[in-house]
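Novice: Chains as they are written, first to last, in numbering that gives the first Met the number 0: chain A, 0 to 73; chain B, 0 to 202.
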Amino acid sequence: MSRLIRMDQTGHTTLAQWNAEDAASVQAAVEAFRAELDQGYFAVVSEGEGHAEQVRELPVDAPLVILRRPIAGG
Amino acid sequence: MYWRPRVSEISLARAGWLWTLNTAAHTVPFLAAAGLLIAFSPVTLPVALAAVAQAWIIPELYAARGANVVRPRAPSKRPAAEQGALGLLGDLLGHDPRELHARTGLVLEKGAFGAWLVGEAGAILVRPRGRRVHCYCVKATDPNLPSGDRVAHLLLALRTDESGFATVANLAFSGAGWRLRRRLPKRMRPALERAVEAARPRA
Numbered sequence: 000m001s002r003l004i005r006m007d008q009t010g011h012t013t014l015a016q017w018n019a020e021d022a023a024s025v026q027a028a029v030e031a032f033r034a035e036l037d038q039g040y041f042a043v044v045s046e047g048e049g050h051a052e053q054v055r056e057l058p059v060d061a062p063l064v065i066l067r068r069p070i071a072g073g
Numbered sequence: 000m001y002w003r004p005r006v007s008e009i010s011l012a013r014a015g016w017l018w019t020l021n022t023a024a025h026t027v028p029f030l031a032a033a034g035l036l037i038a039f040s041p042v043t044l045p046v047a048l049a050a051v052a053q054a055w056i057i058p059e060l061y062a063a064r065g066a067n068v069v070r071p072r073a074p075s076k077r078p079a080a081e082q083g084a085l086g087l088l089g090d091l092l093g094h095d096p097r098e099l100h101a102r103t104g105l106v107l108e109k110g111a112f113g114a115w116l117v118g119e120a121g122a123i124l125v126r127p128r129g130r131r132v133h134c135y136c137v138k139a140t141d142p143n144l145p146s147g148d149r150v151a152h153l154l155l156a157l158r159t160d161e162s163g164f165a166t167v168a169n170l171a172f173s174g175a176g177w178r179l180r181r182r183l184p185k186r187m188r189p190a191l192e193r194a195v196e197a198a199r200p201r202a
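(1) Name the one or two DSSP bridge partners that E108/B has.
(2) Beta carbon of L179/B, beta carbon of G65/B: below 8 Å?
(3) Would you please state the rounded distance, in angstroms, between the beta carbons of H11/A and G83/B? I believe it to be under 8 Å.
(4) Tell me whether L3/A sits in a helix, a strand or coil according to DSSP, three-state version.
(5) For F29/B, I'd like the list of residues in its chain whose CB is within less than 6 Å of its CB, leaving aside the five on either flank, ordered along the chain.
(6) Taking just the CA atoms, how far does A31/B sit from A168/B?
(7) Are there three or more Cβ pairs, one per stretch, closer than 8 Å when the stretch 132 to 152 of chain B is compared with the stretch 111 to 124 of chain B?
(8) Examine chain B for any beta-carbon lying closer than 8 Å to the beta-carbon of Q13/A, and answer yes or no.
(9) Taking Cβ positions, are L66/A and I4/A nearer each other than 8 Å?
(10) Kindly confirm or deny that the stretch 147 to 165 of chain B and the stretch 39 to 54 of chain A touch, where touching means at least three C-beta pairs closer than 8 Å.
(11) Is it buried or exposed for G86/B, if we count other Cβ within 10 angstroms and need 16 for buried?
(12) Which residues in chain B have a C-beta closer than 7 Å to the C-beta of P69/A? List them in chain order.
(13) Rounded to a whole number of angstroms, what is the C-alpha to C-alpha distance between Y1/B and T166/B?
(14) DSSP beta-bridge partners for I65/A?
(15) Does DSSP put V6/B in a helix, in a strand, or in coil?
(16) Going by DSSP in three states, L92/B sits in which element: helix, strand or coil?
(17) Hey, how far is the Cα of G93/B from the Cα of L14/A?
(18) Would the beta-carbon of G39/A fall within 8 Å of that of V137/B?
(19) Just to confirm the assignment, what range does the alpha helix (DSSP H) spanning A139/B have?
(20) Measure the alpha-carbon distance for A139/B versus G129/B and round it to whole angstroms.
(21) Determine, for Q38/A, whether the minimum Cβ-Cβ distance to residues of chain B falls below 8 Å.
(22) With distances taken Cα to Cα, identify the nearest neighbour of F172/B among Y61/B, A194/B, R181/B, T103/B.
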């Protein structure tokens with residue numbers, strides 16, 4: 000089961016869970032994903048130590064997609 | 000940040016040299032004045048010593064500014080959120096970096112520019128050979144995140160685009176690693192030592 004999570008003030012919130020073979024769960028995850036991107040979040044897929052990729056479409060095969068806020072110089 | 004050129008090896012080296020020149024411009028006049036005072040009249044020794052102290056203090060203040068970028072911020076008032084955030088951060092790390100973070104509060108991450116130490120609101124880049132460090136102020140834009148999430152935000156941004164990460168961040172200090180080490184909280188010094196080891200090319 001893949002998960003879409005958002006890092007927020009609660010630690011993190013699971014927004015959607017899906018199974019690549021279940022079209023309804025994928026559709027719900029895609030909608031949740033797009034809604035968060037519209038809110039200004041960035042979506043990242045961690046690819047093990049030292050590697051991560053920013054994505055603009057929900058990667059259905061990824062086990063975990065993390066939503067993060069932009070960063071800024073302090 | 001379209002107005003900033005993307006950080007590269009060349010721009011990092013140039014920033015280091017400019018920082019050194021700037022520090023020299025602030026300290027050499029004081030040292031020269033001290034030498035001249037003593038040469039002209041030994042009676043002026045106290046003033047000369049004050050000038051030498053000034054020349055020592057200025058780089059130390061810069062180093063303290065650099066160390067401040069990784070000082071821990073106020074913890075979240077929600078312990079459950081802190082635990083959840085630390086769990087997610089732990090999932091992003093291997094065993095050794097996770098253990099180092101638990102001890103020091105900093106995450107060690109190797110990159111193309113050197114070895115990074117990522118904190119809650121800043122990061123330290125130890126350049127290859129381990130002598131020079133660059134300290135950057137950079138943070139997640141949500142100020143109410145738990146500390147683990149603040150680190151995870153920066154870590155994921157760094158992993159996604161190292162050059163972009165260094166471009167967005169503001170340089171707070173560039174200089175000798177030993178000078179920064181003295182200004183870091185004791186708890187964090189082992190992390191800097193590990194980063195220096197990681198930055199050195201393997202024989």
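Note that CB positions come from ideal geometry on N, CA and C, so glycine has one too.
Specialist: In this structure, then:
(1) DSSP output for E108/B lists W115/B as bridge partner(s).
(2) In contact: L179/B and G65/B (Cβ atoms closer than 8 Å).
(3) Cβ atoms of H11/A and G83/B come within 8 Å of each other, at about 6 Å.
(4) Correct three-state label for L3/A: strand.
(5) If we look at F29/B and ignore the five residues flanking it on each side, its Cβ neighbours are A50, Q53, A54.
(6) Computed Cα separation, rounded: 35 Å.
(7) For the pair of segments examined, the stretch 132 to 152 of chain B was found to touch the stretch 111 to 124 of chain B: the number of CB pairs separated by less than 8 Å reaches three.
(8) Per the sequence shown, residue 13/A should be read as Thr rather than Gln. False, the Cβ-Cβ gap to chain B never drops below 8 Å.
(9) Result yes, Cβ atoms of L66/A and I4/A sit closer than 8 Å.
(10) Below 8 Å, enough C-beta pairs join the stretch 147 to 165 of chain B and the stretch 39 to 54 of chain A to call them touching: three or more.
(11) Burial call: exposed.
(12) The contacting residues are T140.
(13) For Y1/B and T166/B, the gap between their C-alpha atoms comes out near 10 Å.
(14) Answer by DSSP bridge pairing, in chain order: I4/A, V43/A.
(15) Coil, per DSSP.
(16) The answer is coil: DSSP assigns L92/B none of H, G, I, E or B.
(17) G93/B and L14/A: Cα-Cα distance of roughly 25 Å.
(18) A distance of 8 Å or more separates the beta carbons of G39/A and V137/B.
(19) Careful: A139/B lies outside any alpha helix (DSSP H), inside the beta strand (DSSP E) at 131 to 139.
(20) C-alpha separation (whole angstroms): 27 Å.
(21) With 8 Å as the cut-off, Q38/A does not count as an interface residue toward chain B.
(22) F172/B has its Cα closest to that of Y61/B, out of Y61/B, A194/B, R181/B, T103/B.
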